[in-house]
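87 is the number of the first residue of the sequence shown in this note's numbering; add one for each residue after it.
What follows is a set of notes on a single structure, which appears directly below.
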Amino acid sequence: MIAGVPSYAVPLHSGDCHNTSLDESWVWEVLDKYEPPPGGAWDDKTYKGVAYGTYGWATYCADVQVDTTTMETQVLDFVALQEIGKVLHPVLATGQIVGGVVQAIGWALWEDVRLDAHGGMANANLTTYVLPTMADVPEIRVQFREQPYGWGPFG
């Protein structure tokens, strides 16, 4: 059991663990077992029911400029509104959202997988495969809306 965290929030099983980098081994014992929150039921055989006690929602908006002569596309502004329950660490949570947005902009505008005659990736290095950097995208404004979940570890 983890202090301050309900037992249903941390599903663990007893067992052994081995850290190969330090050549250490240890054994842990589970003092409690997972119990789903009230009101939710899931059937592993039929895959029906409430699979998750809660869901996160988001709205992302991009202001995009397209030069109709050259077809050059530029993202001018980006706002991400994310509902994630309880924000535990705003800096880390913001970093996750910003990283995902930059990756999505890269997929949409710059990344181009080229295959050779054998189906292998022809541009498999960073000199020929373009990835965006923070200099290539606008400031990504992230806002959070907390929608606490009563059965989560922090409400």
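Even for Gly, the Cβ is constructed at its ideal location relative to N, Cα and C.
Could you give the DSSP three-state label for Asp36: helix, strand or coil?
Residue numbering for the chain in the displayed model covers 87 to 241; residue 36 lies beyond these limits and cannot be assessed.
Given this structure, state the Cα-to-Cα distance separating Trp196 from Ala166, to the nearest angstrom.
As a working note, residue 196 is residue 110 in the sequence shown. As a working note, residue 166 is residue 80 in the sequence shown. Rounded to whole angstroms, Trp196 to Ala166 spans 21 Å at the Cα level.
Quick check on DSSP: helix, strand or coil for Trp128?
One-based indexing of the sequence shown puts residue 128 at position 42. In the structure shown, Trp128 sits in a strand (DSSP, three-state: E or B).
Taking only runs of the alpha helix (DSSP H) that begin and end inside the region 174 to 202, which ones reach a length of at least 4 residues, in chain order?
176 to 195
Using a threshold of 9 Å, state whether the C-beta atoms of Gln233 and Gly171 are closer than that.
Indexing the sequence shown from 1 puts residue 233 at position 147. Indexing the sequence shown from 1 puts residue 171 at position 85. Closer than 9 Å, so yes.
Cβ of Met207 less than 9 Å from any chain C Cβ?
In the displayed structure, chain C is absent; only one protein chain is listed.
If we ignore side chains and look at the alpha-carbon of each, how far apart do Val177 and Ala203 end up?
Taking the first residue of the sequence shown as 1, we reach residue 177 at position 91. Taking the first residue of the sequence shown as 1, we reach residue 203 at position 117. Each residue's Cα considered, the two are about 45 Å apart.
Cα separation between Pro124 and Lys134?
The residue given as residue 124 occupies position 38 in the sequence shown. The residue given as residue 134 occupies position 48 in the sequence shown. Whole-angstrom Cα-Cα distance: 16 Å.
Could you please give the first and the last residue of the uninterrupted beta strand (DSSP E) stretch that includes Thr159?
Here residue 159 is taken as the residue at index 73 of the sequence shown, counted from 1. In the DSSP annotation of this structure, the continuous segment of the beta strand (DSSP E) that includes Thr159 starts and ends at 159 to 171.
For my contact list, Asp153 and Asp163 are in at a C-beta cut-off of 8 Å; report their separation, rounded to the angstrom.
Translated into positions along the sequence shown, residue 153 becomes position 67. Translated into positions along the sequence shown, residue 163 becomes position 77. 17 Å between Cβ atoms; not a contact.
Determine whether the beta carbon atoms of Pro142 and Glu169 lie at a separation below 9 Å.
Start at 1 with the first residue of the sequence shown, and residue 142 comes out as number 56. Start at 1 with the first residue of the sequence shown, and residue 169 comes out as number 83. Going by the sequence as given, residue 142 is Gly instead of Pro. For Gly142 and Glu169, yes; Cβs fall inside 9 Å.
Any idea what DSSP makes of Ala148, helix, strand or coil?
For the purposes of this step, residue 148 is taken as the residue at position 62 of the sequence shown. If DSSP states are grouped into helix, strand and coil, Ala148 belongs with the strands.
Pick from Trp193, Val173, Thr155: whose alpha carbon is nearest that of Thr216?
In the sequence shown, counting from the first residue as 1, residue 216 sits at position 130. The sequence shown places Val at residue 216, not Thr. The option with the nearest alpha carbon to Val216 is Trp193.
What residues in its chain sit with their C-beta under 8 Å from that of Tyr146, if we drop five residues either side in the sequence?
Position 60 of the sequence shown, counted from the first residue, corresponds to residue 146. Apart from the 5 residues on each side of it in sequence, Tyr146 sits with its Cβ closer than 8 Å to the Cβ of Phe164, Val165, Ala166, Leu167, Val187 in its chain, given in chain order.
How far does the beta strand (DSSP E) with Phe228 in it reach, from first residue to last?
To locate residue 228, count along the sequence shown from 1; it is residue 142. It is worth fixing the name first, because residue 228 is Val in this sequence and not Phe. Residues 226 to 232.
Under 6 Å Cβ to Cβ from Gln151, same chain only, skipping five residues before and after it: list those, please.
Residue mapping note: residue 151 aligns to position 65 of the sequence shown, counting from 1. So the qualifying residues of the chain are Gln160, Leu162.
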